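A.B. asks: Have a look at the structure that comes next, please.
There are 2 protein chains.
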Amino acid sequence: MKLQRRNSKQRELIYETIHSNKVHPTALEVYERLKKEMPSLSLGNLYRNIAILLEEGRIQGGEFGSGIVRYDAVTDSHYHFVCERCGTVSDFAMPAQNRITAAARRYSPHRIAGHTIRFYGVCADCAAGEPVK
Amino acid sequence: MKLQRRNSKQRELIYETIHSNKVHPTALEVYERLKKEMPSLSLGNLYRNIAILLEEGRIQGGEFGSGIVRYDAVTDSHYHFVCERCGTVSDFAMPAQNRITAAARRYSPHRIAGHTIRFYGVCADCAAGEPVK
DNA sequence: TTACTTGCAAAGATTTTGCATCTGT
DNA sequence: ACAGATGCAAAATCTTTGCAAGTAA
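The following block contains the structure:
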């Protein structure tokens, strides 16, 4: 039988922090940020709630070259851009290319449900000579 | 000044293992596999050599949902397919969609160098009712 | 020889878990 | 009250590093 979720201040704060954060924070970054407004929050509980949010599909996780997983509130499908110089990850406002999934089905024996695209290069700030970090 | 690399049996074995492995192994999987033919290999050295191979661009790393980095020998650019049921990662024989990078440039202020696409769904084996694990 | 490599062990960093306690419903 | 949630600390995983010894060039 399925687990009955109940309201949790911690979980909502965690979600809000990820949701309102443009930079796709790591678990520890979320923890640092939340420590201020909820000093009692434990790391173990943070990870537990991140797992729940992932399972519920409210957030998604991804690794973008650093080896550490970064989280992203799921609003609608979108792509990502990763700066190879400073490592920042940003959302990409390009509409989903549904034709790509359709095209892919012609090349594969697998049952393809969808796709994600990650663009990489140098972000505008870095290109403008901004501080590398 | 740049480091002068020299031949290393270990490094080549590690590369070969990743190169000849269709399943995009994790570092520990490479280690397990190599333990047989080179019992003296140490984990620390494995990681060191993986870092070197990455730096040299001979392999690439990526996380595909499990949170653990998987490695892939770089031959030419290609996409990936990730089975959401059994977690296997396979190469995708679809030609690179260069137009996607071109289209993306119109949506972004960043300097876009390229892209990667990851398709997801259920692999042929799982779809055929194969054992889930 | 010189400088890169290696194995080993210790240390780091990140994530997961057991358990007693607390809390939403 | 009951079942899920929390904090804490210990443990498990995965990765990095220091160091003395080994080895390609």
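For the record, the sequence lines run as chains A and B.
The numbers in this note's numbering rise by one with no breaks, and the one at position 107 of the first sequence is 107.
The numbers in this note's numbering rise by one with no breaks, and the one at position 128 of the second sequence is 1128.
Note that CB positions come from ideal geometry on N, CA and C, so glycine has one too.
All of these numbers come straight from a predicted model, not from anything done at the bench.
#1: Answer with buried or exposed for residue 1104/B, where buried requires no fewer than 16 other C-beta atoms within 10 angstroms of its C-beta.
#2: According to the Cβ coordinates, are residue 69/A and residue 102/A closer than 9 Å?
#3: Could you tell me which residues DSSP pairs with residue 125/A in its beta bridges?
#4: Just grab the DSSP bridge partners of residue 71/A for me.
#5: So with Cβ pairs under 9 Å, would you call residue 46/A a contact of chain B?
#6: Along the segment 111-126 of chain A, what residues have a CB closer than 8 Å to any CB found in chain B?
#7: How far does the beta strand (DSSP E) with residue 1080/B in it extend, from its first residue to its last?
#8: In this structure, how does DSSP classify residue 1047/B when only helix, strand and coil are distinguished?
#9: Quick one: measure Cβ to Cβ for residue 1108/B and residue 1087/B, integer angstroms, because I've assumed they're closer than 8 Å.
#10: Mind checking if residue 1090/B is an interface residue toward chain A, Cβ cutoff 9 Å exclusive?
#11: Within this structure, are the beta carbons of residue 1030/B and residue 1064/B separated by less than 9 Å?
#12: Have a look at the DSSP bridge pairing and note the partners of residue 114/A.
#13: For residue 1117/B versus residue 115/A, is the C-beta distance shorter than 9 Å?
#14: Tell me whether the beta-carbon of residue 1121/B lies closer than 9 Å to the beta-carbon of residue 1083/B.
#15: Would you list the residues sitting across from residue 1089/B in a DSSP beta bridge?
#16: Relative to the C-alpha of residue 1042/B, which candidate in 1007/B, 1011/B, 1004/B, 1074/B has its C-alpha closest?
#17: Would you mind sorting residue 49/A into buried or exposed? The rule is 16 or more other CB atoms within 10 Å of its CB.
#18: Give the DSSP bridge partners of residue 26/A, in chain order.
#19: If you measure from the beta carbon of residue 1057/B to each beta carbon in chain A, is any gap under 9 Å?
C.D. replies: Answer, in terms of the structure:
#1: Within the second sequence, the letter at position 104 stands for residue 1104/B. So residue 1104/B ends up on the buried side.
#2: Position 69 of the first sequence holds residue 69/A. Position 102 of the first sequence holds residue 102/A. Against a cut-off of 9 Å, the Cβ pair of residue 102/A and residue 69/A comes out as no contact.
#3: In the first sequence, counting from the first residue as 1, residue 125/A sits at position 125. According to DSSP, residue 125/A bridges with nothing at all.
#4: Along the first sequence, read from residue 1 onward, the residue named residue 71/A stands at position 71. 61/A, per the DSSP bridge assignment.
#5: Along the first sequence, read from residue 1 onward, the residue named residue 46/A stands at position 46. By this cut-off, residue 46/A is not an interface position.
#6: 111, 112, 113, 114, 115, 116, 117, 118, 119, 120, 121, 122, 123, 124
#7: Position 80 of the second sequence, counting from 1, holds the residue named residue 1080/B. Residues 1079-1083.
#8: If you number the second sequence from 1, residue 1047/B lands on position 47. Residue 1047/B falls in the helix class under three-state DSSP.
#9: Position 108 of the second sequence, counted from the first residue, corresponds to residue 1108/B. Position 87 of the second sequence, counted from the first residue, corresponds to residue 1087/B. Residue 1108/B to residue 1087/B, Cβ: 32 Å. No contact.
#10: Position 90 of the second sequence, counted from the start, is the residue given in the question as residue 1090/B. Yes - at least one Cβ of chain A is within 9 Å of the one on residue 1090/B.
#11: In the second sequence, residue 1030/B corresponds to position 30, counting from 1. In the second sequence, residue 1064/B corresponds to position 64, counting from 1. Cβ atoms of residue 1030/B and residue 1064/B: not closer than 9 Å.
#12: Here residue 114/A corresponds to residue number 114 of the first sequence, with the count starting at 1. In the DSSP output, where bridge partners are listed per residue, residue 114/A has 1120/B.
#13: Translated into the one-based positions of the second sequence, residue 1117/B becomes position 117. Translated into the one-based positions of the first sequence, residue 115/A becomes position 115. A contact, by the Cβ cut-off of 9 Å.
#14: Looking up residue 1121/B in the second sequence gives position 121. Looking up residue 1083/B in the second sequence gives position 83. Yes, Cβ-Cβ distance for residue 1121/B and residue 1083/B is below 9 Å.
#15: As a working mapping, residue 1089/B is identified with position 89 in the second sequence. Bridge partners of residue 1089/B: 1082/B.
#16: Sequence index remark: in the second sequence, residue 1042/B carries index 42 (1-based). Taking only the C-alpha atoms, the option nearest residue 1042/B is 1011/B.
#17: Locating residue 49/A in the first sequence gives position 49, counting from the first residue. Under this definition residue 49/A is a buried residue.
#18: Working through the first sequence from its first residue, we reach residue 26/A at position 26. DSSP output for residue 26/A lists 70/A as bridge partner(s).
#19: The residue labelled residue 1057/B in the question sits at position 57 within the second sequence. Taking Cβ atoms only, chain A never reaches closer than 9 Å to residue 1057/B, which makes this a no.
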